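The block underneath contains the structure these notes are about, expressed in structure tokens.
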Amino acid sequence: LLMLAPVPLLCWEAGVRLAPPAGPAGHQRLSALKKDPGNEAKLKIYALFKQATQGPCNTPKPGMLDFVNKAKWDSWKSLGSLSQEDARQQYCDLVGSLAAAEGGSAQAAAQPAGSGSAYETLLVSTEDDITTIKMNRPTKYNAITTEMYSEIIRALEQAAKDQSVLTVFTGAGDYYCSGNDLTNFTRIPEGGIQQMARDGGELLRKYIKAYIDFPKPLVAVVNGPAVGVSVTVLGLFDLVYATERATFHTPFSLLGQSPEGCSSYTFPKMMGVAKASEVLLFNQKLTAAQACQQGLVTEVFPDSSFQAEVWTRLKAYAKLPPNSLALSKQLIRSVERQKLHEVNDAEVERLVERWLSDECMNAVMGFFQSKAKL
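For the sequence shown, the residue numbers in mature numbering (1 follows the signal peptide of the UniProt record, and there is no 0) are -18 to -1, 1 to 356.
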């Protein structure tokens, strides 16, 4: 029955009273959707709108035979005690990601101040002296494709030159980032696997270098689970704020690979060798609380107030003197910048070797086969 309900019908109230939770920009993005985003997305839009405007679900549950209204009620009820402000933020994120996926008006919204081009896999914006780089593949858990690697490098280069004080990294949807998109391994160029490994290694080298050399305070707002390279680079951030439901996992040995993102240096320095080995060698998944205890995360926030608390703090930080912040960061990081570049080079060299090994190829193929059986 839900398939018969287009977006405006299922979200009729959102079409009439969208301004309170999302403002005119959100209204325009929802109205601009040309494709049916699917029942799951429509129910989420409806639920977040109700939560943003009325708070937690407080209406009686519809009867069993009232299928559409029951589905809508269940979706709203599933948000529990999510605050109205967080619901507004999630609403904007979801509608923005859907619009961006269609390439419509969100293409302009993804364009940072002073930029001449938009992004396909990111939402980039500058507001209140903060440039936000948001990974925007929510249906793929923000897995990083080769295109996203290149776009993140470009976004960091532009953020380094703009007038913002802070740069914030986060993810759209419920995930922060699920790491490297393993379909990258299926794109074999004319030069064969060796060419793919060399090209991938050089792209990764440039990607990590962009973090090492970034001149302004760099903040990760980890809004959900983080995997692989999205975890290892956190040692190069100045602040890492995480929701309590975030997890941190680097399953390299399961895939026949080795650490990157300078984590072979930064993790033992933060955690000690034994704990770093648990994470990098033996695939130990950390909760947000454990990651904070080990020094990977700066602070953990309740999920219900995560966005509100973090952004209030970041907006206050962005009012600090920008030159003082940048110069202070340079002093803190300059001592080990050369070391980080050396570690990056060594890690990439080892990874290229791993990618060309039978062990790695068998592990990756085993992963795809296990996924196909699900």
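Virtual Cβ for every residue (Gly too), placed ideally from N, Cα, C. This structure is a prediction, so every number in the text was calculated from the model and none was measured.
Report the option in Gln66, Asn162 and Pro207 whose CA atom is closest to the CA atom of alanine 273.
Pro207
Report the start-end ranges of each alpha helix (DSSP H) in the stretch 250 to 284 that is 4 residues or longer and not cut off at the edges.
255 to 262 and 270 to 275
On the criterion of 16 or more Cβ atoms from any shown chain inside 10 Å, does alanine 256 qualify as buried, or is it exposed?
exposed
First through last residue of the beta strand (DSSP E) which encompasses leucine 105
104 to 109
So which of Pro303, Glu281 and Gly238 has the shortest CA-CA distance to arginine 332?
Gly238
According to the neighbour-count rule (16 or more other Cβ atoms, all chains shown, within 10 Å of its Cβ), is alanine 90 buried or exposed?
The predicted position of alanine 90 is uncertain, since its pLDDT is 38 and thus under 50; a value taken from the coordinates is nonetheless stated next. Answer is exposed; the Cβ neighbour count stays below 16.
Taking 8 angstroms as the threshold, find out whether the stretch 172 to 191 comes into contact with the stretch 139 to 147 through three or more Cβ pairs.
no
Evaluate contact between the stretch 117 to 136 and the stretch 153 to 166, counting only Cβ atoms and requiring at least three cross-stretch pairs below 8 angstroms.
yes
Are the beta-carbon atoms of leucine 76 and lysine 32 separated by less than 8 angstroms?
no
Is leucine 80 closer than 8 angstroms to proline 19 when the C-beta atoms are compared?
yes
On the criterion of 16 or more Cβ atoms from any shown chain inside 10 Å, does leucine 148 qualify as buried, or is it exposed?
buried
Could you name the residues of the same chain whose beta carbon sits closer than 8 angstroms to that of proline 199, not counting the 5 residues immediately before and after it, in chain order?
Val147, Leu148, Thr149, Asp220, Leu221, Tyr299, Leu307, Ala308 and Lys311
For threonine 108 and aspartate 144, which I take to be in contact (beta-carbon distance under 8 angstroms), what is that distance rounded to the nearest angstrom?
6 angstroms
CA-CA distance, arginine 70 and leucine 302?
27 angstroms
Are the stretch 53 to 69 and the stretch 32 to 45 touching by the rule of at least three beta carbon pairs closer than 8 angstroms?
yes
My output table needs one value for alanine 224: the three-state DSSP class, helix, strand or coil.
strand
Pull the bridge partners of alanine 208 from the DSSP assignment, please.
Cys159 and Phe230
Inter-residue Cα distance where the pair is glutamate 226 and valine 204
10 angstroms
Consult DSSP for methionine 347 and reduce its assignment to one of helix, strand or coil.
helix
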